[in-house]
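To start, the structure itself, in structure tokens.
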Amino acid sequence: RKVDLVYTRVRTEEKLLLEALRRRDCAVNLVQDTGMVLSMDRQRVTEADTVLMRSMSFTRARYLATFLEMKGLRVLNSARTISLCGDKALTSAALAAKGVPMPWSFVAFDEDACLEAIEQKGYPVVTKPVLGSWGRMVARLDSRTAAEGVLSTRFGTGGAQDHVALVQEYVDKPGYDLRVYVVGRAVGGLRRRSEHWITNTARGAVPERYEVPVVHARLAEAAAEAVGGDMVAVDLLETRGGDIYVNEINHCVEFARSIDETGVPLPDLIAEYVASGAGA
Ligand code: ADP
Ligand code: ZN
Ligand code: MG
4 RKVDLVYTRV
14 RTEEKLLLEA
24 LRRRDCAVNL
34 VQDTGMVLSM
44 DRQRVTEADT
54 VLMRSMSFTR
64 ARYLATFLEM
74 KGLRVLNSAR
84 TISLCGDKAL
94 TSAALAAKGV
104 PMPWSFVAFD
114 EDACLEAIEQ
124 KGYPVVTKPV
134 LGSWGRMVAR
144 LDSRTAAEGV
154 LSTRFGTGGA
164 QDHVALVQEY
174 VDKPGYDLRV
184 YVVGRAVGGL
194 RRRSEHWITN
204 TARGAVPERY
214 EVPVVHARLA
224 EAAAEAVGGD
234 MVAVDLLETR
244 GGDIYVNEIN
254 HCVEFARSID
264 ETGVPLPDLI
274 AEYVASGAGA
């Protein structure tokens, strides 16, 4: 099998993926996302049959996946999955459409309309950028004054494309959230423990080993299926009452900070999936 690994930076993840693919006799080319210029036609641009999309830029990942699929390549994850997972409002819509349990959410496009909807729901609520990661600009609103401040920034800065507010139920977690890796099927996961309510490892949460119970595995697989994800990290929020919701789905799985603790051999599992021809 011939694989193009499209990257932004060759991080630990990309190095491990490259080695795992080569161990499976895949011929791998590293292709930097910023260097690609794609014509709008069906002309082939590469010898590869499969593209492993590891671009860290949502803009480039989505467009490149779309054009490479148009040119007949098998792209993992698919353009559809990237488009849905990269935008949290669209992820929520895809989950809701399939009845996958998630925190209640709404989107609003105007400061006053949004504030009114929040007032009706009551505090606390969470708002986050529809495009974003690593816990950046995720905000918990505990009061009307906090909501006014955050919403005036959201709607008073940036351009029309930024004037959308995603608001969610605040889930009172028991000091951690859960991540389940789905590579065709649920293959393992990790618990992310933190004193802070934002539990990204990029924000200092500590990854812990977590034996994924069957119900969590099935929920993560249902979430992955709702967005057509071949290889995704599904984040789950557990309530103190033991209910479980899907919070988000990450299409470019990161594991460098957690692979030692979790013991989940993600590079090998992903390489195996790529080499098997699944998801075409
Ligand atoms: P990102 O893509 O930046 O990781 P997330 O939606 O995953 O965005 O939010 C980051 C973290 O914030 C989550 O891992 C979780 O700890 C916390 N969080 C996000 N949304 C909620 C929520 N609705 N209720 C409680 N905690 C949340
Ligand atoms: Zn994310
Ligand atoms: Mg997250």
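Take 4 as the starting number for the sequence shown in my numbering and just add one per residue.
From the three backbone atoms N, C-alpha and C, an ideal C-beta is built for every residue, glycine too.
None of the values given here were measured: they were computed from a predicted structure.
Output the distance between the C-alpha atoms of residue i and residue j, rounded to the nearest integer angstrom.
{"i": "V9", "j": "E119", "result": "44 Å"}
{"i": "E275", "j": "L71", "result": "22 Å"}
{"i": "A227", "j": "V185", "result": "7 Å"}
{"i": "Q164", "j": "V237", "result": "26 Å"}
{"i": "V103", "j": "V217", "result": "16 Å"}
{"i": "L272", "j": "G231", "result": "18 Å"}
{"i": "V190", "j": "V170", "result": "31 Å"}
{"i": "S20", "j": "L33", "result": "In the sequence as presented, Ser is not what sits at residue 20; that position holds Leu. Cα to Cα, the separation comes out at about 11 Å."}
{"i": "E73", "j": "S42", "result": "Reading the sequence as shown, one finds Met at residue 73 and not Glu. Rounded to whole angstroms, M73 to S42 spans 11 Å at the Cα level."}
{"i": "A205", "j": "T15", "result": "15 Å"}
{"i": "R194", "j": "Y213", "result": "6 Å"}
{"i": "A68", "j": "A220", "result": "27 Å"}
{"i": "I247", "j": "L55", "result": "31 Å"}
{"i": "P101", "j": "S95", "result": "The identity of residue 101 in the sequence shown is Lys, whereas the question assumes Pro. Spanning the two alpha carbons is a distance of roughly 10 Å."}
{"i": "A229", "j": "I252", "result": "10 Å"}
{"i": "E198", "j": "T242", "result": "16 Å"}
{"i": "L98", "j": "E257", "result": "22 Å"}
{"i": "D44", "j": "V235", "result": "29 Å"}
{"i": "V277", "j": "R25", "result": "11 Å"}
{"i": "D28", "j": "F112", "result": "50 Å"}
{"i": "A149", "j": "V110", "result": "18 Å"}
What residues are listed by DSSP as bridge partners for residue i?
{"i": "S108", "result": "Q171"}
{"i": "P210", "result": "R195"}
{"i": "N253", "result": "A236"}
{"i": "A189", "result": "V185"}
{"i": "T130", "result": "A142 and V170"}
{"i": "L55", "result": "L8 and L79"}
{"i": "Q35", "result": "Y10"}
{"i": "Y179", "result": "R196"}
{"i": "E241", "result": "I247"}
{"i": "A30", "result": "K5"}
For residue i versus residue j, is the C-beta distance shorter than 8 Å?
{"i": "I201", "j": "G138", "result": "yes"}
{"i": "A30", "j": "V6", "result": "yes"}
{"i": "V167", "j": "V133", "result": "yes"}
{"i": "A223", "j": "V183", "result": "yes"}
{"i": "D90", "j": "S58", "result": "no"}
{"i": "A76", "j": "S86", "result": "The question names Ala, yet the displayed sequence has Leu at residue 76. No, they are not a contact pair."}
{"i": "R147", "j": "E114", "result": "no"}
{"i": "R196", "j": "V215", "result": "no"}
{"i": "H254", "j": "T84", "result": "yes"}
{"i": "W107", "j": "E172", "result": "yes"}
{"i": "T160", "j": "A142", "result": "no"}
{"i": "A51", "j": "R65", "result": "no"}
{"i": "T294", "j": "R4", "result": "Lying outside 4 to 283, the shown extent of the chain, residue 294 is not represented and no answer is given."}
Report yes or no: is there a C-beta of chain C within less than 8 Å of the C-beta of residue i?
{"i": "M43", "result": "No chain C is present in this structure, which holds just one protein chain."}
For the putative contact between residue i and residue j, defined by C-beta atoms under 8 Å, what is the C-beta separation to the nearest angstrom?
{"i": "G282", "j": "L79", "result": "6 Å"}
{"i": "L269", "j": "D180", "result": "Actually they are not in contact, since the Cβ atoms of L269 and D180 sit about 18 Å apart, beyond 8 Å."}
{"i": "G162", "j": "D233", "result": "Actually they do not touch by this definition, with Cβ atoms about 33 Å apart."}
{"i": "T117", "j": "L154", "result": "Sequence check: residue 117 is Cys here, not Thr. The pair is a contact, with the Cβ atoms about 6 Å apart (cut-off 8 Å)."}
Does the beta-carbon of residue i, which I'm using as the reference point, lie nearer than 7 Å to any heavy atom of ligand 4?
{"i": "A99", "result": "Looking at this structure, you won't find ligand 4 anywhere; what it does contain is ligand 1, ligand 2 and ligand 3."}
Can you tell me which residues fall inside 7 Å of ligand 3, judged by beta-carbon distance to its nearest heavy atom, and keep chain order? Chain-ordered list of matching residues: S136, G138, N203, D238, N250, E251 and N253.
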